[in-house]
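Contents: one structure, followed by commentary.
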Amino acid sequence: TRRHVSASSSLQLKADEQYDGDDRHSPKCELSRRTALSTTFAIIATTASPFLHPIVSNAQDSKGKVVVYGGSGYVGAHACSLLTQQGYAVTSISRSSPETQLARSKSILGTSLSNVDYISLDAGKASLDDLSASMKDATAVISCVGLSPGSQNQKDGNGLVNSRITQAAKAAGVPKIVYIGVSSTLANGPAKFLLGDYFAGKATAEKSVTSEFGGKNSLIIKPAIIAGGPPGEIRPPGPPGVKAVDVTAVARAAVSGAVGDLIGVIDGNEAIEAL
464 TRRHVSASSS LQLKADEQYD GDDRHSPKCE LSRRTALSTT FAIIATTASP
514 FLHPIVSNAQ DSKGKVVVYG GSGYVGAHAC SLLTQQGYAV TSISRSSPET
564 QLARSKSILG TSLSNVDYIS LDAGKASLDD LSASMKDATA VISCVGLSPG
614 SQNQKDGNGL VNSRITQAAK AAGVPKIVYI GVSSTLANGP AKFLLGDYFA
664 GKATAEKSVT SEFGGKNSLI IKPAIIAGGP PGEIRPPGPP GVKAVDVTAV
714 ARAAVSGAVG DLIGVIDGNE AIEAL
């Protein structure tokens with residue numbers, strides 16, 4: 464039985480009171496660039512390059528095919544791992560070469576996912592037909608794609624790219640989609656004044672998911688700060704009072720959406736961990 468979720472955590476609500484730009488909550492709030500950056504969460508961005516030959520998996524009799532855009536990133540790699548453990552055939556798509564994706568996933572997970580098909584495809588530049596072809600026969604799509612806060616072209620890199628993925632998934636007849644967005648607390652907090660394009664892009668992507676698939680065939684996961692990061696990557700600390708969510712909790716939620724156990728919106732770290 465699928466569970467419909469539309470939740471935000473009490474932890475995030477408390478953080479909203481502390482960091483919201485509304486004068487009713489913080490009449491004397493002064494924002495520095497460092498503070499704003501520290502209130503954002505980063506997801507590994509893997510968008511971009513035409514098809515290259517995939518690393519072919521050994522999966523045969525699976526429960527179904529799940530396509531993970533950004534599957535060699537921090538959240539995506541963990542999602543791919545969980546899906547393969549549950550018996551699904553998994554395709555990871557990124558602008559990076561299949562070999563680079565395989566190596567990146569190994570660095571994140573500590574082991575290789577030899578039974579994942581890695582394909583190189585630029586979601587921002589490929590035709591919608593090519594994007595749809597990459598999702599042929601998929602039972603679900605998970606998008607972990609996006610540019611980090613402060614990146615060049617962060618609005619389209621989060622919004623337009625994911626809108627194209629969503630449109631292509633719909634055209635391919637994919638029944639379910641999962642998108643990793645950003646918590647409402649951060650999007651509506653003081654960081655929006657410095658990173659407005661980043662949050663606008665995320666909002667565009669979320670709107671596209673809802674528009675194309677509706678609430679009954681999609682799951683939008685909205686974490687705040689995700690604990691840790693890929694080896695060698697330094698991320699800014701989260702705002703005081705906001706506990707970072709473990710990456711595996713985010714990945715588990717994404718997988719639950721892909722296999723049809725969850726639909727709707729999960730907003731905030733506490734809500735994600737409570738699943």
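Residue numbers for the sequence shown follow the working numbering, beginning at 464 and rising by one. Note that beta-carbon positions come from the ideal geometry of N, C-alpha and C, so glycine has one too.
query	result
Comparing the CB of I729 with every heavy atom of the ligand NAP, is any distance shorter than 6 Å?	Although the ligand NAP was asked about, the structure shown includes no ligands whatsoever.
S719 to N616, Cα distance in whole Å?	31 Å
Is the separation between the beta-carbon of G550 and that of K526 shorter than 7 Å?	yes
In the structure shown, what three-state DSSP assignment does I688 receive?	coil
Taking 7 Å as the cut-off, decide whether the C-beta atoms of T574 and K528 are in contact.	no
What three-state label does DSSP hand K528 in the structure shown?	strand
Who are the Cβ neighbours of L545 in its own chain at under 7 Å, not counting the five residues just before and after it?	A714, R715, V718
My understanding is that I628 touches I684, with C-beta atoms under 8 Å, so please give their C-beta distance in whole angstroms.	Not quite, the Cβ-Cβ distance comes to about 15 Å (not below 8 Å), so this is no contact.
With distances taken between CB atoms, is the gap from A668 to G622 smaller than 7 Å?	yes
Please classify A563: does DSSP put it in a helix, a strand, or coil?	The amino acid occupying residue 563 in the given sequence is Thr; Ala does not appear at that position. Residue state, collapsed to three classes: helix.
For the beta strand (DSSP E) containing L554, name the first residue and the last one.	Here the sequence assigns Thr to residue 554, which means Leu is not the residue at that position. Its beta strand (DSSP E) spans residues 552 to 557.
Measure the C-alpha to C-alpha separation of L738 and G692 and round it to an integer number of angstroms.	22 Å
If you follow the alpha helix (DSSP H) that D730 is part of, which residue opens it and which one closes it?	D730 -> not in any alpha helix (DSSP H); beta strand (DSSP E) instead, spanning 725 to 730.
Does the Cβ of I506 have 16 or more other Cβ atoms within 10 Å, making it buried, or fewer, making it exposed?	For I506, the predicted structure reports a pLDDT of 31, less than 50, and the residue's modelled location is therefore unreliable. A value from the coordinates is still provided. Classification of I506: buried, given that the 10 Å Cβ count is 16 or more.
Using the C-alpha atoms, what's the distance from D593 back to N732?	35 Å
Mind reading off the beta-carbon distance from S555 to Q564? Whole number of angstroms is fine, and I expect it under 8 Å.	6 Å
Alpha carbon to alpha carbon, how far is A552 from I726?	21 Å
Less than 7 Å between the C-beta atoms of Y661 and P612, yes or no?	yes
Using a 10 Å radius around the Cβ and a threshold of 16 neighbouring Cβ atoms, would you call L591 buried or exposed?	exposed
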